[in-house]
Structure formats: C-alpha cells, structure tokens
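Peer 1: Take the sequence shown: its letter number 66 is residue 65 in numbering that gives the first Met the number 0, and every next letter is one higher.
Beta carbons are placed, not taken as given, at the ideal position from N, Cα and C, and that holds for glycine.
After the structure tokens below, expect a handful of questions from me.
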Amino acid sequence: MNLFTETNLSPDILKAIGELGYESPTEIQKQTIPFILSDIRDLIALAQTGTGKTAAFSLPILDMIDDTSRKIQFLVLCPTRELCLQITKDIKNYTKYMPSIKTTAVYGGSSIMDQIRSLKEKPQIIVGTPGRVIDLINRKALDFSAIHWLVLDEADEMLSMGFKDDLETIIKETPDTKQTFLFSATMSKEVERISKNYLTNPHRISVGSINEVKKNIKHFYYVAGYRHKKEALKRLIDSNPNQYSIIFCRTRMETQEVADFLMQNGYAADALHGDLSQAQRDTVMKKFRLKNIDILVATDVAARGLDVDSLTHVVHFSLPDDPEVFVHRSGRTGRAGKDGISIALIKPEESRKLKQIKSVTKIDITEAKIPTGEDVIKAQVAGVFENLLEVHEDFFEFNDALIPDLSAFTKEELVHKLLQFQLKDLALYYKDRHDLTDQKLSSRDDDRGGRDRDRGRDRDRDRGRDRDRGPRGDRDGRSDRGERRGDRGGKPRQRDENMTRFFFNLGKKDQLKKLDVLEIINKATSSKGNKRAEIGNIEILEKFSFFEIEKGFKNELLGNIQSMKFKGKDMRAEEAN
C-alpha cells in the first residue's frame, strides 16, 4: 500500500484526505489501516508522536462507523487538552464529506455545561481526557454501552500522569465486545500491565523500535558544572542562530527558572508547564506555533499534544531517567524530512546516566566543547548571511536617494561595518567573559560548587545563630527554633536517607528568611498532633530555596503548602533530586 487510493477506504474519506494533501501513508498507517479494516482483534501499536497515528486509527474506523445511529460508537482517550483538540480537529477534517458524523471533544479547563449541551447533539465519536470523561460519566451525560471501538492514545503518558484508575473506571463502562486499540510511544511496565488486563489476544505493530532512531538527527552533548549551566545554555543558543527549539527540563520550577533567565537576557522565549492556567498554556502554545517566540522551555508532560514539524533543535537541559524519553524528546526535531539537532547539557556527575542512554538507544552522541565567545560571533556572522541571502519579498518601498554616498567604502568595509553594528551587543557581552571550554575546570567547579554550597549553608547557619539569639543572647546557640529544627547543641544535621529534599519557589528576593521557612514547614506539617517534622538543611538562594524534612511528612507538606501564601505570594514545593 504505497498510496491511500490503494486502500479500501470510502470515496468520501479519500476525497477529504486528498484535499488535506495526504498521498502516501506513513509506516504506521500502512500497517494499521488494513489491520483495523479486516481484523476483529485488539491492537497494541508502538510509534512515536508525529508518525501519523491519528489517521492510522481513525480513518478505518470512520470507514466502518454507522452514520445512521445516534449512539456513541467510537471513543478516543488521550492525556492532554491540546492533543484532545488536535485529534478532534483531524477527525472533523477527515469527515468533511460525511455530514451525518458528529465528533465532540470533552476535556478539563473548559465549561462542562457547554460540553454537556454538545453531547445532546448525539455524536457518534467522543475524544476526551480521562478526568473530564469521568466527570461526565458521573453526571450521567455519557453512555458508552454501544461502544465498538476504544482507542487509548499516548497510553504511556496517561499512565505516567496518574490516570491509571480513571482509565480502568472508564474501560469498565464499555462493553466487552468492543475492539481496543492501545497506541504508545513506549512500552513501560504500566502499559504492559494495562494491556494484559484490558486487551484480549492483541496483535502488535511496532514502527521504529527504540534502537531505530531517526537518521536525520545529529546528537551532541556538552558538559557544564552546576554554576555554569545556564551560561552554557546561553552560549549554545547564541552559537545556533535562527533556531526554533524546545528546551526540556525536569521540573516545573526548573522550567520557569530557565525561561525567566532566557527572557531576562532578551530571548524570545516562554515556559510551558503544569502550574500555568489553561488560558496561559493556550497563549504560550499559540505564540510558539506562530513563531512569535522561537524558544519554548517545557516539561515532558506539558509538551504533549504540541506537534510542530519545523523544530530545528531539541535541548535536554536535564537528562530524563528513561532512555526512551530521550529518544521521544529528540524525535520532535528532524520531522517532515528535515534535519534536526539534539543537544544534551549535562553536569559532570551525569556522565554515567548519559552512557546508559547511549547504551540502550544505540545513539551516537558526540561530545562537543561549549562555544567560546569567538565561536559565538563566527556563528552569528554566518546566521546574519543566512537570513540576508534568503529570498525575501519587498516589504516596503523607499527612495534610493535616501541612501547616502557610500563610494568611499569598499564592499568588504561596508559588510564589516554592518556586522559590527548588528552584533555589537553580543560581542561586548562575550568580550571579557571567561570561556567554558575546559571540561576539567567545569568538573572541578561543579565539585567545588557543591562543597561551597555546603560550606555556605554552614556559614549561613552560624550567622543565623548569632543573629537570631534571643534578647538575652543564648550563648550556647540553642533556641526554640533550634529545638524545632531538631538540631542538637546548634550543630547542623547531615543529610541522610530519612530526609527528603525539596525545591521551594521563594527566595531572598521574596524577603524569605530561614525562620520563615521553619514556620512554613511547621504549619504545613501540623496535622499530626504534637509530632513535629524533623527539619534538616535550609538553603535560601536569590530566587528559590531548598530545604530538607523528615520523609514521613513529605505527602502532608506537598498537600498543604500549595494552599498557603507567604506575604501574598503563592507557595510551591516539589521533591528535588
């Protein structure tokens, strides 16, 4: 099957997808469409995002759906609102010439009453996120008793986002006679388990295993110490002009911090993470799709549902734990036949993790030196000419008489002056800066940075004891606060396996002091009667902080702190690595 016209799809569907420019099916479509059209078994399909999965499962089902029935026959579950809307849009495009087919999207972050009203139009197809589908089931607004086809799209992400119980609840609402199609980028243990529990003798299709990484993506890694990581990122961005990229971070807080750093340095960047409201997420994604911003800093989960074919770079600011996630992230560039670049920015102690990723994925990841200031300027000059020599239309008219007499300059002199004018600010920034090319220095700095931070914590703690003595000066350094901290004789507690370290979103700029942190922790963990959480090291930095508490209080603190405020500001904490 090399052309869609060679399938048994109906003329109405072929006409619709032909107008969309569909000619040759992708590999997942070649294998999935004939199977669904001719087989009654369940299906597990492993394929990366961007391989055409929506058409692969929806086109054959649309060919078989009963457009005379007003019952729900086809249900698609997916992890995010964005993916839900994208799938719905695609299915509506495919059914352009099938006027009796109605598709409704149901998802959180939008009016549930509006969605209930749309369900009264009796759609045959529902595309939804698990949480909202559960809400509508509980309101008796959804009836899945006549379902013929159930698709679990991005099943690995739904499970990693904590939708396991919701999925199982929804599946129990559907008849045993349905066909279930599970699509996933990875085959995790949870995906394997749910497939064994809810799929019957499934057929398996795998398109591009983890060892078959895209050949048109070049992979590089750079080593930078803890204190130099953002500066290294800036140099990598500056040395890759005209890029359109996603930078992946591990946590929501790290994502916002990196995005803030880039925006403060003048880059057209923004953050995408779970702490944003739905309206904020929509705004950021729209700006990125329209290229009003060219750098998106995101968590893995937040980037789901964002399909962009023209990404030039993917940057792993933090390495993922799962090698398959590394492949999945990197695969967002190099689409539609274009070349792509994947960059990993690692700390010296992460070399073992990178080695594991290389071993499992068989990716050839080349070590590269962090660009010097001279390297950056050379790249920027090339970027200027790349833009200049592109074919541009004339956007405005002007009188040639406005051009001054330039006959005194040679062509080379004019180019030199224009480049000096264009790149002046960047050149001045890098002029007196130390380069980060010495990997041994970066490694030493990272080790020393950790020791310096430990010593800094000790100095802060000593100063804190001197500064915070009571009116009579507790000469032995002990106070009520010290007792609550669990310190003995004012000695700092060493981190141990019984403590959990947290990243806290407030810092010195918020006028946060250690006494404030102690009071916040005590208040957030006060529900266990007189039992106090033991508190370890507290480190207050400029924009954020770290603190340690007894592991048994972890869930209680996380559950309570998000509803608390400090001087009118929202507080967020998450477990740090």
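Expressed to the nearest angstrom, what Euclidean distance is found between the alpha-carbon atoms of Asn196 and Asp374?
Peer 2: The sequence position of residue 196 within the sequence shown is 197, counting from 1. The sequence position of residue 374 within the sequence shown is 375, counting from 1. The straight-line gap from Cα to Cα measures roughly 55 angstroms.
Peer 1: Could you check what DSSP says for Lys568 in three-state terms: helix, strand or coil?
Peer 2: Locating residue 568 in the sequence shown gives position 569, where the first residue counts as 1. Residue state, collapsed to three classes: strand.
Peer 1: Can you have a look at Ala523 and say buried or exposed, based on whether 16 or more other CB atoms are within 10 angstroms of its CB?
Peer 2: Counted from its first residue, the sequence shown places residue 523 at position 524. Buried.
Peer 1: For Ala55 and Leu74, what's the separation of their Cα atoms in angstroms?
Peer 2: Residue 55 sits at position 56 when you count from the first residue of the sequence shown. Residue 74 sits at position 75 when you count from the first residue of the sequence shown. Ala55 and Leu74: Cα-Cα distance of roughly 15 angstroms.
Peer 1: My guess is that Ala267 and Ile292 are in contact by the Cβ rule of under 8 angstroms, so how many angstroms apart are they, rounded?
Peer 2: Along the sequence shown, one-based indexing puts residue 267 at 268. Along the sequence shown, one-based indexing puts residue 292 at 293. That pair is a contact at about 5 angstroms.
Peer 1: Please state whether DSSP places Gln178 in a helix, a strand or coil.
Peer 2: Counting from one through the sequence shown, the residue named residue 178 turns up at place 179. Strand, per DSSP.
Peer 1: Pick helix, strand or coil for Ala268, following the three-state DSSP scheme.
Peer 2: For the purposes of this step, residue 268 is identified with residue 269 of the sequence shown, where counting begins at 1. Of the three classes helix, strand and coil, the one that applies to Ala268 here is strand, per DSSP.
Peer 1: With DSSP as the reference, please indicate the residues paired to Ser329 in a beta bridge.
Peer 2: Locating residue 329 in the sequence shown gives position 330, where the first residue counts as 1. Note: Ser329 sits in no beta bridge, so no partner.
Peer 1: Just how far apart, CA to CA, sit Arg450 and Ile27?
Peer 2: Here residue 450 refers to the residue found at position 451 when the sequence shown is read from its first residue. Here residue 27 refers to the residue found at position 28 when the sequence shown is read from its first residue. Here Arg450 scores only 42 on pLDDT, less than 50, and its place in the model should not be relied on; the value that follows carries that caveat. Cα-Cα distance, rounded: 51 angstroms.
Peer 1: With Arg251 and Glu573 assumed to form a contact (beta carbons below 8 angstroms), what rounded beta-carbon distance in angstroms separates them?
Peer 2: Mapped onto the sequence shown, residue 251 falls at position 252. Mapped onto the sequence shown, residue 573 falls at position 574. Arg251 to Glu573, Cβ: 7 angstroms. Contact.
Peer 1: What is the DSSP secondary structure of Val206, reduced to helix, strand or coil?
Peer 2: Here the question's residue 206 lines up with position 207 in the sequence shown. Of the three classes helix, strand and coil, the one that applies to Val206 here is coil, per DSSP.
Peer 1: Thinking Thr6 and Ile32 are a contact (beta carbons under 8 angstroms), I'd like their distance in whole angstroms, please.
Peer 2: Here residue 6 is taken as the residue at index 7 of the sequence shown, counted from 1. Here residue 32 is taken as the residue at index 33 of the sequence shown, counted from 1. Indeed, because the Cβ distance is near 6 angstroms, the residues count as touching under 8 angstroms.
Peer 1: Across the region 352-360 and the region 225-234, are there enough close Cβ pairs to call them in contact, namely three or more that are closer than 8 angstroms?
Peer 2: no
Peer 1: Hey, out of Phe287, Gly339, Ile364, whose CA is closest to Pro322's CA?
Peer 2: Along the sequence shown, one-based indexing puts residue 322 at 323. Minimum Cα distance to Pro322 is reached at Ile364.
Peer 1: Applying the 10 Å Cβ sphere with the 16-neighbour rule, what's the burial state of His415?
Peer 2: Residue 415 sits at position 416 when you count from the first residue of the sequence shown. Label assigned to His415: exposed.
Peer 1: So, using beta-carbon positions, are Ala378 and Phe182 closer together than 7 angstroms?
Peer 2: On the sequence shown, residue 378 is found 379 positions in, with the first residue counted as 1. On the sequence shown, residue 182 is found 183 positions in, with the first residue counted as 1. At the C-beta level, Ala378 and Phe182 stay beyond 7 angstroms of one another.
Peer 1: My output table needs one value for Ile246: the three-state DSSP class, helix, strand or coil.
Peer 2: For the purposes of this step, residue 246 is identified with residue 247 of the sequence shown, where counting begins at 1. Looking at Ile246 - three-state DSSP - the assignment turns out to be strand.
Peer 1: For Gln72 and Asp65, which I take to be in contact (beta-carbon distance under 8 angstroms), what is that distance rounded to the nearest angstrom?
Peer 2: The residue labelled residue 72 in the question sits at position 73 within the sequence shown. The residue labelled residue 65 in the question sits at position 66 within the sequence shown. Rounded, the Cβ-Cβ distance is 6 angstroms, consistent with contact.
Peer 1: Kindly indicate which three-state DSSP category Gly273 falls into: helix, strand or coil?
Peer 2: Here the question's residue 273 lines up with position 274 in the sequence shown. The answer is coil: DSSP assigns Gly273 none of H, G, I, E or B.
Peer 1: Closest to Ala343 by CA distance: which of Ser329, Leu118, Gln30, Gly20 is it?
Peer 2: If you number the sequence shown from 1, residue 343 lands on position 344. Minimum Cα-Cα distance from Ala343 among the listed residues Ser329, Leu118, Gln30, Gly20 corresponds to Ser329.
Peer 1: Taking Cβ positions, are Ile539 and Leu557 nearer each other than 7 angstroms?
Peer 2: Taking the sequence shown and counting its residues from 1, the one referred to as residue 539 is at position 540. Taking the sequence shown and counting its residues from 1, the one referred to as residue 557 is at position 558. For Ile539 and Leu557, no; Cβs fall outside 7 angstroms.
Peer 1: Is it the case that the region 115-132 contacts the region 73-87, given that we only count it when at least three CB pairs across the two stretches are under 8 angstroms?
Peer 2: yes
Peer 1: Just to confirm, are Ala270 and Val296 a CB contact at a threshold of 7 angstroms?
Peer 2: Position 271 of the sequence shown, counting from 1, holds the residue named residue 270. Position 297 of the sequence shown, counting from 1, holds the residue named residue 296. Yes; because the gap between Cβ atoms is below 7 angstroms, this pair is in contact.
Peer 1: Find out if the Cβ-Cβ distance for the pair Ser57, Ile90 is shorter than 7 angstroms.
Peer 2: For the purposes of this step, residue 57 is identified with residue 58 of the sequence shown, where counting begins at 1. For the purposes of this step, residue 90 is identified with residue 91 of the sequence shown, where counting begins at 1. Their beta carbons are under 7 angstroms apart, which means Ser57 touches Ile90 by this criterion.
Peer 1: Would Met112 be called buried (16 or more neighbouring beta carbons within 10 Å of its own) or exposed?
Peer 2: Here residue 112 is taken as the residue at index 113 of the sequence shown, counted from 1. With fewer than 16 Cβ atoms within 10 Å of its Cβ, Met112 is classed as exposed.
Peer 1: What does the alpha-carbon distance come out to for the pair Val326 and Ile216?
Peer 2: Locating residue 326 in the sequence shown gives position 327, where the first residue counts as 1. Locating residue 216 in the sequence shown gives position 217, where the first residue counts as 1. If I take the Cα positions, the gap works out to 11 angstroms.
Peer 1: Would you kindly report the start and end of the unbroken beta strand (DSSP E) that includes Thr103?
Peer 2: Residue numbering aside, residue 103 sits at position 104 when the sequence shown is read from its first letter. Unbroken beta strand (DSSP E) run through Thr103: 102-105.
Peer 1: Write down the C-beta distance between Arg331 and Ile246 rounded to the nearest angstrom, noting that I regard them as a contact closer than 8 angstroms.
Peer 2: For the purposes of this step, residue 331 is taken as residue 332 along the sequence shown, with counting starting at 1. For the purposes of this step, residue 246 is taken as residue 247 along the sequence shown, with counting starting at 1. Incorrect: roughly 11 angstroms between the Cβ atoms, too far for contact.
Peer 1: Name, in chain order, the residues that DSSP records as bridge partners for Ser183.
Peer 2: Locating residue 183 in the sequence shown gives position 184, counting from the first residue. Among the bridge pairs identified by DSSP, Ser183 is matched with Leu45.
Peer 1: Can you tell me the Cα-Cα spacing of Gln85 and Glu518, whole angstroms?
Peer 2: Numbered from its first residue, the sequence shown carries residue 85 at position 86. Numbered from its first residue, the sequence shown carries residue 518 at position 519. Taking the straight line joining both Cα atoms gives about 46 angstroms.
Peer 1: Below 8 angstroms on the Cβ atoms is my contact criterion, and I expect Phe552 with Leu505 to pass it. Report the Cβ-Cβ distance as a whole number of Å.
Peer 2: As a working note, residue 552 is residue 553 in the sequence shown. As a working note, residue 505 is residue 506 in the sequence shown. Not a contact, Cβ separation roughly 19 angstroms.
Peer 1: Quick check on this structure: which residue in His218, Leu19, Met157, Lys119 has the alpha carbon closest to the alpha carbon of Lys361?
Peer 2: To locate residue 361, count along the sequence shown from 1; it is residue 362. Closest option to Lys361, Cα to Cα, is His218.
Peer 1: Can you tell me which of the three DSSP states Ile193 falls into?
Peer 2: Looking up residue 193 in the sequence shown gives position 194. Reduced to three states, the DSSP call for Ile193 is helix.
Peer 1: Can you tell me the Cβ-Cβ gap for Asp155 and Ala184, rounded? I've got them flagged as a contact below 8 angstroms.
Peer 2: The residue given as residue 155 occupies position 156 in the sequence shown. The residue given as residue 184 occupies position 185 in the sequence shown. Right, the Cβ-Cβ distance comes to about 6 angstroms (below 8 angstroms), so this counts as a contact.
Peer 1: Helix, strand or coil: how does DSSP classify Leu318 here?
Peer 2: Here residue 318 refers to the residue found at position 319 of the sequence shown. Looking at Leu318 - three-state DSSP - the assignment turns out to be coil, as it is neither helix nor strand.
Peer 1: I need the DSSP call for Arg334, collapsed to helix, strand or coil.
Peer 2: Within the sequence shown, numbered from 1, the residue matching residue 334 stands at position 335. Coil, per DSSP.
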